[in-house]
Amino acid sequence: MRNWRTSRYISAVALISLCCLTVSASEKKEPVPKAPLFCGAAVFADLSGPVMKAVGARFDQLEVGARLNFRDHYFPICELGIGESDREGRENNNKFHARAPYYRVGMDYNLNRKHNGNRLMVGLRYGFSSFKYDFSDPDFSDPVWQGAGSLNLKNMKGQTGWLEACIGCETKLWSFIRLGWNIRYKVRLHQSANPSGEPYYTPGFGKNGSNTFGGTLNLIFDVGKTTKKKTAVEQITETINK
Amino acid sequence: MRTLRHYRGWLGKRASLLACLLLFPFSQFLILSCEGIDCTLDNVVTLNIGFYSSESGTKVSVTDTLYITAEGTDSVLLNRGRNLQTVSLPMSYWQEADTLRLTFRGGEEDDAYAYDIVLRIAKGNQTHFESPDCPTTMFHEISNLDYDDPYSLTDSIIVENTTVNYAQLENIKIYFRGSAD
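Line by line, the protein sequences are chains A and B. Residues in the first sequence are numbered from 1 upward in steps of one, following the working numbering. Residues in the second sequence are numbered from 243 upward in steps of one, following the working numbering.
Okay, structure coming up:
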């Protein structure tokens with residue numbers, strides 16, 4: 001039931017968002033000039049991670065990234081972050097902890113043919129994280145033989161690689177500042193873990209499993225652009241408007 | 243119509259910004275709402291012993307009353323089991339070997355006779371966890387099986403599956419002489 005409600009909510013919001021983009025994209029029907037090969041670069045930071053940390057989510061991350069812009073369609077991208085999970089069992093005293101860096105590399109493609117500052121992006125990423133995780137169970141004891149014991153496993157090594165398929169959009173807020181979001185479907189490609197158990201959380205991937213969903217809300221800064229010096233994309237936009 | 247065009251234009255100018263802002267609560271909801279407890283339902287780890295006839299090779303029911311105790315604990319692992327084809331027993335978490343005593347009693351009020359079989363099972367122990375929400379358990383790997391059968395009740399006792407975990411596979415097969423009645 002929970003999954004069905006979540007899916008319905010996701011579908012509704014995604015549909016509304018994409019309809020908004022469609023309305024925007026269908027306003028003008030003019031021939032689109034080709035953008036120059038190199039249209040600039042940008043750096044960005046994920047806003048959802050600090051929010052998750054502030055509200056005490058079961059895991060959170062701090063993530064930044066950089067990307068290049070070729071022809072306003074191709075965006076080679078690199079993302080770096082630190083993921084953390086510090087979680088206690090809801091019905092017991094088990095504790096799990098992991099905190100480690102992760103990275104993703106990949107490419108976004110802008111589906112919007114017009115160079116009007118709005119972008120509808122699809123993309124692929126490969127993510128990887130090598131990390132250590134802790135698990136403890138202070139009440140772990142043999143129910144029959146009554147052997148004394150508490151389980152305290154530290155610094156177990158894990159490695160995970162995964163693939164992400166992304167879809168999202170972004171728009172210009174002001175001058176060189178942009179806001180964008182994307183949702184991601186993540187598929188685990190490979191994993192190595194301690195024989196005692198797989199990690200509950202993988203930095204950058206989320207809750208461990210064969211697949212999961214995620215998303216980011218990015219504040220994007222076009223690099224090297226000032227109000228005096230306009231980007232190639234903006235020059236094209238001005239040409240179209242004239 | 244003019245009003246509609248006006249609003250359409252207004253929406254068009256701000257559509258992308260609206261689309262971006264819509265996802266802010268959405269992305270948080272997406273990540274935070276998918277929380278659930280995903281523990282394995284069959285999370286009991288037991289050693290499974292099956293009883294077989296050496297003549298036919300098929301599974302048989304033990305018609306005597308069966309008691310099973312273990313060294314190192316006062317707990318009776320199985321009390322007054324009757325007509326059993328399989329027994330499922332816990333294993334110790336920390337010991338390197340478990341010694342199980344299977345006592346078959348029969349006659350009036352189970353006092354007429356009693357035969358024992360003693361199994362010594364050497365094993366390795368491996369802690370196992372899935373998530374902080376799930377109970378921690380211990381898996382085992384049987385490395386050796388030795389037994390005493392002073393009354394020659396059995397033809398042979400073999401290890402079928404060495405891994406003792408959630409899979410609930412039959413780990414040990416006891417082949418009785420005759421039909422085990």
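Every residue gets a Cβ at the ideal spot worked out from N, C-alpha and C, and that includes glycine.
- For residue 53 of chain A, the secondary structure class from DSSP, reduced to helix, strand or coil, is helix.
- The beta-carbon distance between residue 181 of chain A and residue 216 of chain A, rounded to whole angstroms, is 7 angstroms. This is short enough to meet the 8 angstroms contact definition.
- For the set A:198, A:143, A:175, A:146, the Cα lying nearest the Cα of residue 159 of chain A is the one of A:198.
- With three or more CB-CB distances shorter than 8 angstroms, the segment 338–347 of chain B counts as touching the segment 306–316 of chain B.
- Here residue 388 of chain B is exposed, its C-beta having fewer than 16 other C-beta atoms within 10 Å.
- DSSP, read as helix, strand or coil, puts residue 284 of chain B in coil.
- Rounded to whole angstroms, residue 100 of chain A and residue 340 of chain B show a C-alpha spacing of 41 angstroms.
- In the DSSP assignment, residue 166 of chain A is bridged to A:123, A:184.
- From the beta-carbon of residue 91 of chain A, the residues of chain B found nearer than 8 angstroms are 375.
- For residue 40 of chain A, the enclosing beta strand (DSSP E) has its first and last residue at 38–46.
- Residue 201 of chain A and residue 85 of chain A do touch by the CB rule: their CB atoms are close to 4 angstroms apart, below 8 angstroms.
- Judged by DSSP secondary structure, residue 365 of chain B falls within the beta strand (DSSP E) whose first and last residues are 355–370.
- In the three-state scheme derived from DSSP, where H, G and I count as helix and E and B as strand, residue 340 of chain B is classed as strand.
- In this structure the segment 397–405 of chain B touches the segment 373–384 of chain B; the number of beta carbon pairs closer than 8 angstroms is three or more.
- A contact is defined here as three or more CB-CB pairs under 8 angstroms, and the segment 142–155 of chain A fails this definition with respect to the segment 116–126 of chain A.
- Residues of the segment 76–88 of chain A with a C-beta atom less than 7 angstroms from some C-beta of chain B are 87, 88, listed in chain order.
- For residue 122 of chain A, no CB of chain B lies under 8 angstroms from its own CB, so it is not counted at the interface with that chain.
- In the DSSP assignment, residue 380 of chain B falls within the unbroken beta strand (DSSP E) covering 379–390.
- Scanning A:177, A:196, A:214, A:193 for the CA closest to the CA of residue 223 of chain A turns up A:177.
- Residue environment analysis places residue 34 of chain A among the exposed positions, since fewer than 16 neighbouring C-beta atoms fall within 10 angstroms of its C-beta.
- Any Cβ of chain B closer than 8 angstroms to the Cβ of residue 142 of chain A would place that residue at the interface, and such an atom is present.
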